[in-house]
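Numbering (this note's numbering), first residue to last: 24 to 619. Backbone N, C-alpha and C fix where the C-beta goes; we use that ideal spot for every residue, glycine too. Heads up, the thing below is written out as structure tokens.
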Amino acid sequence: MDEATLRTARAGGLRRDDVGTEVRVAGWVATRRDHGGVLFVDLRDATGIVQVVINPEEHPDLADLTHTLRDEFCISVLGQLRARPEGTVNPDLNTGEVEIGATDITVLSAAAPLPFQIDDRVDVDEVRRLEFRYLDLRRPRMAANLLARSRAIHAMRSTLADDGFLEVETPTLVKSTPEGARDFLVPSRLRQGSFYALPQSPQLFKQLLMVGGVERYYQIARCYRDEDFRSDRQVEFTQLDIEGAFWGQDQVLAALEPVISAVAKALRGVDLETPFPLMSYAEAMARYGTDKPDIRFDMELVELTDAFSATEFKAFSGTIDSGGIIAGINAGALGLSRAGLDGLVDRAKDLGAKGLVWMVVEEDETLRSPVAKFLSADELQAIKERFAAGAGDTLLIVADAAAVTRSVLGALRVDLGQPDGHEELRFLWVTDFPVFEVAADGRLAAAHHPFTAPADVAEMEESPQTAVSRAYDLVLNGTELGSGSERIHDSDTQGRVFKVLGISDEEIESRFGWFMRALQYGTPPHAGFAVGIDRIIAILQDEPNIREVIPFPKTQTGLDPMTQSPGPVDDPQLQELGIDLRPEVRRALEDEAEAE
RNA sequence: GGGGGCGUGGUGAAGUCUGGAGUUCACGCCGGCCUGUCAAGCCGGAGAUCGCGAGUUCAAAUCUCGUCGUCCCCGCCA
Numbered sequence: 024m025d026e027a028t029l030r031t032a033r034a035g036g037l038r039r040d041d042v043g044t045e046v047r048v049a050g051w052v053a054t055r056r057d058h059g060g061v062l063f064v065d066l067r068d069a070t071g072i073v074q075v076v077i078n079p080e081e082h083p084d085l086a087d088l089t090h091t092l093r094d095e096f097c098i099s100v101l102g103q104l105r106a107r108p109e110g111t112v113n114p115d116l117n118t119g120e121v122e123i124g125a126t127d128i129t130v131l132s133a134a135a136p137l138p139f140q141i142d143d144r145v146d147v148d149e150v151r152r153l154e155f156r157y158l159d160l161r162r163p164r165m166a167a168n169l170l171a172r173s174r175a176i177h178a179m180r181s182t183l184a185d186d187g188f189l190e191v192e193t194p195t196l197v198k199s200t201p202e203g204a205r206d207f208l209v210p211s212r213l214r215q216g217s218f219y220a221l222p223q224s225p226q227l228f229k230q231l232l233m234v235g236g237v238e239r240y241y242q243i244a245r246c247y248r249d250e251d252f253r254s255d256r257q258v259e260f261t262q263l264d265i266e267g268a269f270w271g272q273d274q275v276l277a278a279l280e281p282v283i284s285a286v287a288k289a290l291r292g293v294d295l296e297t298p299f300p301l302m303s304y305a306e307a308m309a310r311y312g313t314d315k316p317d318i319r320f321d322m323e324l325v326e327l328t329d330a331f332s333a334t335e336f337k338a339f340s341g342t343i344d345s346g347g348i349i350a351g352i353n354a355g356a357l358g359l360s361r362a363g364l365d366g367l368v369d370r371a372k373d374l375g376a377k378g379l380v381w382m383v384v385e386e387d388e389t390l391r392s393p394v395a396k397f398l399s400a401d402e403l404q405a406i407k408e409r410f411a412a413g414a415g416d417t418l419l420i421v422a423d424a425a426a427v428t429r430s431v432l433g434a435l436r437v438d439l440g441q442p443d444g445h446e447e448l449r450f451l452w453v454t455d456f457p458v459f460e461v462a463a464d465g466r467l468a469a470a471h472h473p474f475t476a477p478a479d480v481a482e483m484e485e486s487p488q489t490a491v492s493r494a495y496d497l498v499l500n501g502t503e504l505g506s507g508s509e510r511i512h513d514s515d516t517q518g519r520v521f522k523v524l525g526i527s528d529e530e531i532e533s534r535f536g537w538f539m540r541a542l543q544y545g546t547p548p549h550a551g552f553a554v555g556i557d558r559i560i561a562i563l564q565d566e567p568n569i570r571e572v573i574p575f576p577k578t579q580t581g582l583d584p585m586t587q588s589p590g591p592v593d594d595p596q597l598q599e600l601g602i603d604l605r606p607e608v609r610r611a612l613e614d615e616a617e618a619e
């Protein structure tokens, strides 16, 4: 088979200038229009659609063949490219001024009746789409997303290559580290009972590349985290991973902004304004109640604690006594019914608040609220002033521990104020993250990861709860696109961080000894970042979830509806790996097999 | 692990609240007509275990319980 025998031109590129030439095109039957006396076939290839015309008087055999064509048949067409007759130009088609007068048609491959139509007019059930993803990819939406993904990654590569970065591949069978997300494990046949882990990120290997003198590294890295799915989370995802020696935060930001700008230019045709604004973690939490603020809209948090210092209202005074805060948002004119307002209270509780106080400003400027009767006139007045509240506004107030109050209001703010879609793009760097966060059981965990440099090592040891690190996130329209940090580059500091995390010397040696050793051989100070490629492309393509920009994604339960992966394996395979299924697991598998 | 939405010919929806014959709409599919359409048009036709299983009832797509699948959210995601 030779492409020249199947086609000499691409469908989407045919123009008026080409009229008069003989062309051969190949592709798929998008539609067939049979007018009895004349037949039209819209032929689609990756570049677009061109109209093929079959005249039964000139080519009765071709007309007969065309009657047998069905949607998505793969065909090759030979013919004369000609200008369309007066009045039949299709302005909606790039090739709308021309058409091919067919002299020969070859069916390369027939198509069975389709499970769904190849167009964007209907929202087909996603499981169905994934089951026939190869057909789904022929739809304009998915074809556009694949193209966007390729262009984005190309923009990243070319920008970084021009900037002197080395692309290096790191292993995807690595050592498991119990910290952080759950690992995907891969059993070792040669060392039964031992397991590789799929990498959650190339973090430690890229740091070793800094030790190895690479200085500027990047990789389009596949990462794996065995955690529950979300619209912006798959267990398998792709990051742009970069790292630079002798770098600090400023160099990382300065290196990434051109990369992000090139991607935005490639996908949106826009020129981003750089540098992107910076905001500290503390400021983001106080103003927006989240570490990933969507700064496309205001509705900022208003703190009211001091206005209620002498309040009679028990819910508020109790919060103040226990060290909490009172804050709220002015959600504007929501026009919600009582049931709608109660729905917000439920949502607040779902988010972890003990309750939610709502107030609606009436036409006469009085505040309607279930708790209004517990508040003094001064307090009600203060509320109106702090919120700059006008008639019709809905005010939402939470009184709780500071972290709870802020996160609940931050989530409500997004629920109520976030614009649909992503026409506007607002990038933001969030900086000065804490080194640690306090887990529910009171233990410390690395807020970013334990290789992040604390701003001050002594401070980190003395007051770990409030210590600030040299970590930063990139946020776009309220989505965390990625994060990075200045790294620890000496084994002493690294050991002290592990110690504060409560990891014993023996554990440090057994789990990270190999890494600690590497830090002892002239490690340059270094810093880096990882950008979630699926996320940035999804937002730039204005898609509601990352599955739409991943060629072959999985469902929320980790299933691939096409291949039915994950699936059971044969006993001999398990034996070779030294793995025995627990009896109840085996039984469940057998029951399931029987049911089918 | 928890909460919520959804599941009806090949596809998308309406019908479910308030039980009464598998009813309806659009697309697709099959057949016919048609010489300029381009989401072609017109005529005709086929196609359903209302996700699955129990229960209530004279009667269940509809009510109840369970279960499976899926999506969204909380937890989780160093």
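- Approximately 7 Å separates the beta-carbon atoms of PRO79 and GLY60; this is inside 8 Å, confirming the contact.
- When DSSP reads this structure, TYR241 sits in a beta bridge with GLU190, ILE265.
- Shortest Cα-Cα distance from GLN262 to any of PHE552, GLU280, ALA400 involves PHE552.
- Judged by DSSP in its simplified three-state form, GLN140 adopts coil rather than helix or strand.
- In the DSSP assignment, VAL150 falls outside any beta strand (DSSP E) and within the unbroken alpha helix (DSSP H) covering 149 to 154.
- Contact check between the segment 382 to 395 and the segment 282 to 298: fewer than three CB pairs, one atom from each, fall below 8 Å, which does not count as touching.
- In the DSSP assignment, GLY551 forms a beta bridge with GLU266, SER508.
- Spatial neighbours of ALA244 in its own chain (CB-CB distance under 6 Å, excluding positions within 5 residues in sequence) are listed in chain order as PRO225, GLN262, ASP264.
- In the three-state reduction of the DSSP assignment, ASP146 falls in the coil class.
- Judged by DSSP secondary structure, ILE573 falls outside any beta strand (DSSP E); it is assigned neither H nor E.
- Taking ASP127 as the centre and dropping the five residues before and after it, the same chain places the C-beta of LEU101 closer than 6 Å to its C-beta, in chain order.
- The Cβ-Cβ distance between ALA307 and VAL453 falls below 7 Å.
- Residue pairing by DSSP places MET382 opposite LEU418 in a beta bridge.
- Separation of ASP255 and ASN568 (C-alpha to C-alpha, rounded to the nearest whole angstrom) is 6 Å.
- Around ALA414, the same chain offers VAL384, GLU386 as residues with beta carbons nearer than 6 Å, after the five sequence neighbours per side are excluded.
- Between VAL42 and ILE123 a beta carbon distance of about 11 Å is seen, past the 8 Å cut, so the two are scored as non-contacting.
- ALA470 and THR182 have their C-alpha atoms some 30 Å from each other.
- Within the same chain, ILE569, VAL572 come within 6 Å of ALA561 by CB-CB distance, once the 5 residues on both sides are set aside.
- Comparing alpha carbon positions, the residue from LEU604, GLU566, ALA550 closest to PHE269 is ALA550.
- Inter-segment contact for the segment 418 to 429 and the segment 442 to 449 is absent: fewer than three beta-carbon pairs are separated by less than 8 Å.
- Below 8 Å, enough C-beta pairs join the segment 584 to 601 and the segment 148 to 163 to call them touching: three or more.
- The C-beta of ALA133 has fewer than 16 other C-beta atoms within 10 Å across all chains shown, which makes the residue exposed.
- Proximity of the segment 139 to 146 to the segment 521 to 528 falls short of the contact definition, fewer than three beta-carbon pairs being nearer than 8 Å.
- A Cβ-Cβ separation of about 6 Å places LEU418 in contact with ALA412 under the 8 Å criterion.
- Around the beta carbon of HIS512, 16 or more other beta carbons sit within 10 angstroms, so the residue counts as buried.
- In this structure, DSSP gives ASP127 an extended state, which the three-state scheme calls strand.
- Inclusion of PHE459 and PRO487 in the CB contact set at 7 Å is warranted, their separation being smaller than that value.
- Relative to SER514, the option among ASP40, VAL48, VAL234, GLU599 whose CA is nearest is VAL234.
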